[in-house]
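> Following this message is one structure expressed as structure tokens.
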Amino acid sequence: MKWSEFFTSSIGKKFVMGLTGIFLVLFLIVHVSINACIFADLPIFNAEDNGRMFNVAAHFMGSTVLIRILEYGLFIGILLHIVQGYALTVKNRAARGVGYAVNLGNRGSKWYSRSMGLLGTLILLFLILHLGHFWTKARFTDQLSPVTYNGVEMHDMFTRMKDVFASPLVVLVYILGCISLAYHLAHGFQSAFRTVGVHNKKYNILLTSLGYGFSIIVPLVFALMPIAMHFGWVA
Amino acid sequence: MSSNNMNLTLKVWKQKNSQDTGRFETYQVKNVSEEMSFLEMFDILNEELIREGKDPIAFDHDCREGICGTCSMYIDGKPHGPWQANTTCQLHMRAYKDGDTITVEPWRANAFPVIKDLMVDRSSFDRIIQSGGYISVNTGNAVDANALPVEKDKADAAFAAAACIGCGACVAACKNSSAMLFLSAKVSHLALLPQGGPERKTRVLNMVAQMDKEGFGSCTNTGACEAVCPKEISLSNISRLNGEYIAAGLVSEK
Ligand code: HEM
Ligand code: SF4
Ligand code: FES
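Chains A and B, in that order, are what the protein sequence lines are. Reminder that position 158 of the first sequence reads as 157 in our numbering, one-by-one numbering, no gaps. Counting from 1 along the second sequence, just add 1077 to a position and that's the residue number in our numbering.
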């Protein structure tokens, strides 16, 4: 079997979907951990950190070669995931030319498992907005104000977050983005492992529970960031 | 005998041939005994239609005991009707009550074109089986059944997978019209047994290639197939199929 045959087969395409999905899940773990540094400024920690911990962590993520390489990998992964996701969605829909008068609906499966393309599209729209808010500003412009710690100058991302999340509309859109992600992962997390061939009962049970936990906790922590910034819980 | 007879309204898909666009026709069926099977109700309706000089409703059936897999009816949005782990032929009218309206459609998938009314062409499944769903053995004396030791758990799992009757309900229920539950049952059944070992890799590669060629969709793991399967084929077979295919595809010699 040639590589091209493998990767154009229905299972080969899903293999790419599952692998890139798991890769994106790993990325989310890093992303949510770094950003959670903003919570060092919660009053309960009494740290008077003024976003330093977060700024330093964010700066580190932009400053080493290894992470730059991973950044390219991440973009390739997202692109593959999106292109393959749409290609599969279109092909799968086309496999039934004439539909039913009465649908099986929720009697056979969860609505979000049937809506991965729609949920992915909502995530994609959110992603474009989100990259515009932070990543493009940091990488391609000098619009972000600088801050200096121990003689090292870096972007003051913390202040940027406060500015962006001053708008209640932006906060709302971010929350909707997090909800889309939650449902996408509620199905996607466990599905990805099935796709790459995990069939042991004990692992599937474990991964399903882990998946539900992940898809609730990670988007919730993400959603709390714009909320906390907006209401001045971290200042 | 029960006297709980009922009068029902049936909305049934009528389509002359594969070229016809087709439409729903409404029929009244009177005096249906709750002890009839769903197909017997159709028999009675058809006899009535023939007496009236009308075209009877074409539907597939053979064994009428849940083993041949031909009785493909999509009843009120669910393949094989409202009961769990059940075929249309084993659905009984006690599942309904007087005055009910029942909508009956054929399996819908491009890979299962409608031949007439509720009959669809499932020869795509046959071609998938022909592409690898067998083991090759030289003829000669039958080998003693105990000569090949099989682990009990694997024998049970293979047996459970072998219960698939090839009805196509999984395809009918799937939003992608995917045949993965069917194929996973066939591949698992042989991959789990020592007899399936020699052709294990070529089998899975060829059968998936044929499935793709027939125009079935891919799998999103929604679980709709497992929910309607009359033989309760487990979704975990699909994961096993994925693993078999990925391993075979990545390490194949060519
Ligand atoms: C951080 C962002 C994302 C993560 C973590 C993620 C994760 C996942 C995972 C784990 C799966 C399951 C793969 C499988 O069943 O094998 C999946 C499926 C899918 N994703 Fe995403 N995804 C993300 C963004 C997107 C985006 C932006 C799209 C866009 C259009 C998208 C579209 C899809 C589709 C259509 C599927 C279903 C494919 C199928 O099962 O047929 N995802 N995703
Ligand atoms: S897997 Fe179940 S639903 Fe699909 S063909 Fe086999 S018996 Fe029918
Ligand atoms: S007629 Fe054979 S399974 Fe229903």
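Note that the Cβ used here is the ideal one computed from N, Cα and C, for glycine as well. Predicted, not measured: the structure shown is a model, and the values here were computed from it.
CA-CA distance, T19(A) and V195(A)?
Rounded to the nearest angstrom, the two C-alpha atoms are 11 Å apart.
> If the cut is a Cβ gap below 8 Å, which residues of chain A does I1310(B) touch?
By Cβ distance, chain A contributes nothing, its closest Cβ being about 13 Å from I1310(B), past 8 Å.
> Mind listing the chain B neighbours of G210(A)? Cutoff is C-beta to C-beta under 8 Å, in chain order.
Simply none; closest approach about 11 Å.
> Mind checking which residues open and close the alpha helix (DSSP H) that includes N1108(B)?
It is not in any alpha helix (DSSP H) - N1108(B) instead sits in the beta strand (DSSP E) that spans R1100 to V1109.
> Please state the DSSP three-state secondary structure of K109(A).
The answer is coil: DSSP assigns K109(A) none of H, G, I, E or B.
> For H154(A), which residues does DSSP report across the bridge?
Looking at the DSSP assignment, H154(A) forms a beta bridge with P145(A).
> Contact defined as beta carbons within less than 8 Å: I believe Y99(A) pairs with R1185(B). What is the distance between those atoms, to the nearest angstrom?
6 Å between Cβ atoms; contact.
> Where does V101(A) fall in DSSP's three states?
Here V101(A) sits in coil by DSSP.
> By the 10 Å Cβ neighbour count, where 16 or more other Cβ atoms means buried, how is R1171(B) classified, buried or exposed?
It is exposed - the Cβ of R1171(B) has fewer than 16 other Cβ atoms within 10 Å.
> Excluding the five sequence neighbours on either side, which residues of its own chain have a C-beta within less than 6 Å of the C-beta of M1078(B), listed in chain order?
Annotation note: pLDDT 48 at M1078(B) (below 50); position unreliable, coordinate value reported separately. Cβ neighbours of M1078(B) beyond the five flanking positions: none.
> Starting from the Cα of R1317(B), find the closest Cα among V1220(B), D1139(B), A1234(B) and C1148(B) and give me that residue.
Measuring from the Cα of R1317(B), the nearest candidate turns out to be A1234(B).
> Measuring only between beta-carbons, confirm whether G1294(B) sits less than 7 Å from chain A.
Closer than 7 Å: yes.
> Measuring CB atoms only, is the region 1241-1248 of chain B touching the region 1272-1288 of chain B, in the sense that at least three cross pairs come out at less than 8 Å?
Counting Cβ pairs under 8 Å, fewer than three are found: no touch.
> Any idea which residues DSSP pairs E1112(B) with across the strands?
Note: E1112(B) sits in no beta bridge, so no partner.
> How about A86(A): is its C-beta nearer than 7 Å to some C-beta of chain B?
Judged by the 7 Å Cβ criterion, A86(A) is not in contact with chain B.
> Taking G119(A) as the query, report the chain B residues whose CB atoms sit under 9 Å from its CB, ordered along the chain.
Residues of chain B passing the Cβ test: none, with the nearest at roughly 12 Å.
> Does the Cβ-Cβ distance between G1210(B) and K1263(B) come in under 7 Å?
Yes.
> Using 7 Å as the limit for Cβ to Cβ distance, is D1198(B) near chain A?
Cβ-Cβ to chain A under 7 Å: no for D1198(B).
> Return yes when at least one heavy atom of the ligand SF4 lies under 6 Å from the C-beta of K1252(B), else no.
It does not: the Cβ of K1252(B) is nowhere closer than 6 Å to a heavy atom of the ligand SF4.
> Helix or strand or just coil, what does DSSP make of I1144(B)?
I1144(B): coil per DSSP, three-state reduction.
> With a threshold of 16 other CB atoms inside 10 Å of the CB of G50(A), please say whether the residue is buried or exposed.
Buried: at least 16 other Cβ atoms inside 10 Å.
> Report, in whole angstroms, the separation of the C-beta atoms of P1183(B) and L1195(B), which I expect to be a contact under 8 Å.
About 5 Å; that satisfies the 8 Å criterion.
> Against chain A, does M1078(B) count as a neighbour if the rule is that its beta carbon must be under 7 Å from one of theirs?
A caution first: M1078(B) carries a pLDDT of 48, below 50, which makes its placement in the model too unreliable to give a value.
> Taking a contact to mean a Cβ-Cβ separation below 7 Å, would you say A185(A) touches Y111(A) in this structure?
In contact: A185(A) and Y111(A) (Cβ atoms closer than 7 Å).
> Classify A57(A): buried if its beta carbon has 16 or more other beta carbons within 10 angstroms, exposed otherwise.
Buried, because 16 or more other Cβ atoms sit within 10 Å of the Cβ of A57(A).
> State yes or no: is the C-beta of A1146(B) nearer than 6 Å to some heavy atom of the ligand FES?
The sequence shown places Gly at residue 1146(B), not Ala. G1146(B): yes, Cβ under 6 Å from the ligand FES.
> Return the Cβ separation of S1295(B) and K12(A) in integer angstroms, given the expectation that the two are a contact with Cβ distance under 8 Å.
Correct: roughly 6 Å between the Cβ atoms.
> Strictly under 7 Å for the Cβ-Cβ distance: is Y1104(B) near chain A by that measure?
It does not; no Cβ of chain A falls within 7 Å.
> Given a limit of 7 Å on CB to CB distance, which residues of the region 179-208 of chain A reach chain B?
Those residues of the region 179-208 of chain A that come within reach of chain B (Cβ to Cβ, closer than 7 Å) are S190, R193, T194, V195, G196, V197, H198, K200 and N203.
> Show which residues of chain A have a CB atom less than 7 Å away from the CB atom of S1201(B).
The premise fails here: S1201(B) is roughly 12 Å from chain A at the closest Cβ pair, so nothing lies under 7 Å.
> In the structure shown, what three-state DSSP assignment does V1248(B) receive?
Helix at V1248(B).
> Could you tell me which of E1228(B), T1086(B) and S1110(B) sits nearest to F1101(B), measuring between CA atoms?
It is T1086(B) whose Cα lies nearest to the Cα of F1101(B).
> By alpha-carbon positions, which one of V1227(B), K1252(B), D1203(B) and E1124(B) ends up nearest to P1133(B)?
Nearest of V1227(B), K1252(B), D1203(B) and E1124(B) to P1133(B), Cα basis: E1124(B).
> Grab me the residues of E1111(B)'s own chain with a C-beta within less than 6 Å of its C-beta, minus the 5 sequence neighbours each way, in chain order.
The residues are S1079, N1081, M1170 and R1171.
> Please name the residue in S1265(B), H1266(B), A1250(B) and S1255(B) whose C-alpha comes closest to that of A1304(B).
Comparing Cα positions, the closest option is A1250(B).
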